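Heads up: the protein sequence lines correspond to chains B and L, in order. The numbering used here applies: residue 229 is where the first sequence begins, and numbers increase by one. The numbering used here applies: residue 229 is where the second sequence begins, and numbers increase by one. Positions of the beta carbon are idealized from the N, C-alpha and C atoms, including for glycine. Since this is a predicted model, take the numbers as computed values, not measurements. Inspection log for the structure reproduced underneath, given as structure tokens.
There are 2 protein chains.
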Amino acid sequence: MRARLLEATVELLVERGFSGTSTTLVSERAGVSRGAQLHHFPTKNALVVAAVEHLSDVRREELAAAAAALPTGRRRTRAVLHMLGDHFASPLFVAALELWVAARTDETLLEAVAPLEQRIGRETHQMAVELLGADESRPGVRELVQATLDLVRGLGLANTITDDARRRRRILDQWADTLDEALAGGARDARDARDTEGER
Amino acid sequence: MRARLLEATVELLVERGFSGTSTTLVSERAGVSRGAQLHHFPTKNALVVAAVEHLSDVRREELAAAAAALPTGRRRTRAVLHMLGDHFASPLFVAALELWVAARTDETLLEAVAPLEQRIGRETHQMAVELLGADESRPGVRELVQATLDLVRGLGLANTITDDARRRRRILDQWADTLDEALAGGARDARDARDTEGER
């Protein structure tokens, strides 16, 4: 019953947005009585935060399974980036976006959303590091992984009002190649040289 | 009076979000009578779209003025990226984000927002190409400029619920160096080589 309520909530966040999602609509869609719903989730905020958390747990396991099938060798980086790009174009991203944007102007919601956003951010970063085989002890590598995740987040946002899959694919192919070269070449050599020059 | 209404609308979008912005609140904040407001903007949708369009016109002129003061030579790319990063962390981005997200689940609003989103996207891309001195006739360069704009869009989104200025700066410094090397090195050489290899 809990899972049914959470899945109905995500569907409604995607279809109608945060302001169009009500606890009444959720209990109707899930086929669960209002009393039972209120027992599990006493407020709309409790419901939407639990829904995004639930979906993120489901997606993490799906991604781990998909990751096992990724190619090794030279085609790997592209495959990893396409997987991350698709992840940020999924219903989870859309539902989370609705939540983050609503939380921006709703302090009570923000208190519940901020820790979840941080946890998801950390987990996604860790997954990207592992999938890319990135060595974050080398200067600049951590920033390139972060940039990659901010890139797919931006692509996810661009995808919300138009289907952006083809453009996304071209951009990620190019970034995969650039990222490979940067990770292979010592990411911050040029930067260090430039900083030294600036200090002279 | 028109400008006052539009500026009050942007302020309210930033402070209270799309669903918290009403035409009544806008006329109160702008000190304009309801009748005069309805004369200029008969609906909330007309008002919010005009407000984001107005702010984007104002910001475009501010950016053009700021661009004239950018350094030349090796420090230019970083300076350009910081300027773009700050642009996507400004109230314009936040107001536009509120609009894009609301339009995702509101067909009438989407009809008005989609052409504006496309126009702003084209103009921002053109500005980035000029500021970076990027030669888009070379393979891969267009995709790297697009990736840069999707990156700052993702950074803008990350900035909405936490102040992300320090992290943004580090990421953009690294991106600037990687971008410089990629633009200097023939962006898609590695990719072409790889594609050829894959076809064998």
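- In this structure, the alpha-carbon of Ala-362/B lies about 43 Å from that of Arg-257/B.
- Nearest CB-CB separation between Gln-354/L and chain B: not below the 8 Å threshold.
- By the beta-carbon neighbour count (other beta carbons within 10 angstroms, threshold 16), Ser-365/L is exposed.
- Identification of residues in the region 230-261 of chain B having a C-beta nearer than 9 Å to some C-beta of chain L yields Val-242, Glu-243, Arg-244, Gly-245, Phe-246, Ser-247, Gly-248, given in sequence order.
- Listed along the chain, the chain L residues whose CB falls inside 8 Å of the CB of Ile-389/B are Trp-328, Ala-331, Arg-332, Leu-338, Val-341, Ala-342, Glu-345.
- Inter-segment contact for the region 328-347 of chain B and the region 389-402 of chain B is absent: fewer than three beta-carbon pairs are separated by less than 8 Å.
- For the 8 Å CB-CB criterion, Glu-243/L and Thr-237/B do not form a contact.
- The alpha-carbon of Leu-383/B is positioned some 15 Å away from that of Arg-306/B.
- For Arg-398/B, the residues of chain L that pass the 9 Å Cβ criterion are Arg-370, Glu-371, Gln-374, in the order they occur in the chain.
- Between Gly-382/L and chain B, the shortest Cβ-Cβ separation is below 8 Å.
- Glu-235/B has its alpha-carbon roughly 15 Å from the corresponding atom of Leu-327/B.
- Chain L has no Cβ within less than 8 Å of the Cβ of Asp-314/B.
- For Ser-247/B, there is no enclosing alpha helix (DSSP H), as DSSP marks it with neither H nor E.
- The Cβ atoms of Val-373/B and Val-357/B sit closer than 8 Å to each other.
- Interface criterion not met: the Cβ of Ala-293/B is under 8 Å from no Cβ in chain L.
- Between Leu-359/B and Ala-295/B, the C-beta gap is smaller than 8 Å, which places the two residues in contact.
- Counting along the chain, Ala-274/B sits inside the alpha helix (DSSP H) bounded by residues 272-296.
- When rounded, the separation of the alpha-carbon atoms in Leu-298/B and Ala-324/B is 26 Å.
- Beyond the five residues adjoining it in sequence on each side, Ala-386/B comes within less than 7 Å, by CB distance, of Asp-392 in the same chain, given in chain order.
- If the five residues before and after His-310/L are omitted, its C-beta is found closer than 8 Å to the C-beta atoms of Arg-397, Leu-400, all from its own chain and listed in chain order.
- A direct Cα-Cα distance of roughly 15 Å separates Glu-289/B from Pro-319/B.
- Asp-363/L sits in coil when the DSSP states are folded into three classes, being neither helix nor strand.
- For the region 317-346 of chain L, there is no continuous beta strand (DSSP E) assignment of 3+ residues that stays within its boundaries.
- Thr-352/L sits in a helix when the DSSP states are folded into three classes.
- The C-beta separation of Leu-291/B from Met-355/B comes to about 7 Å, placing the pair in contact by the 8 Å criterion.
- Shown here, Asp-401/B sits in a helix according to DSSP, grouped into three states.
- Of the candidates Val-254/L, Asp-405/L, Thr-352/L, Arg-394/L, the residue whose Cα lies closest to the Cα of Asp-285/L is Thr-352/L.
- Annotation: Ser-261/B is outside any alpha helix (DSSP H) and is labelled neither H nor E by DSSP.
- Using a Cβ-Cβ cut-off of 8 Å, Asp-378/B counts as an interface residue toward chain L, since at least one Cβ of chain L sits closer than that to its own.
- Using beta-carbon distances, Leu-325/B counts as an interface residue toward chain L, with a partner under 8 Å.
- Distance from the CA atom of Ser-261/L to the CA atom of Thr-252/L, rounded to whole angstroms, is 9 Å.
- Scanning its chain for C-beta atoms nearer than 8 Å, with the 5 sequence neighbours on each side dropped, one finds around Arg-232/B the residues Ala-258, Gly-259, Val-260, in chain order.
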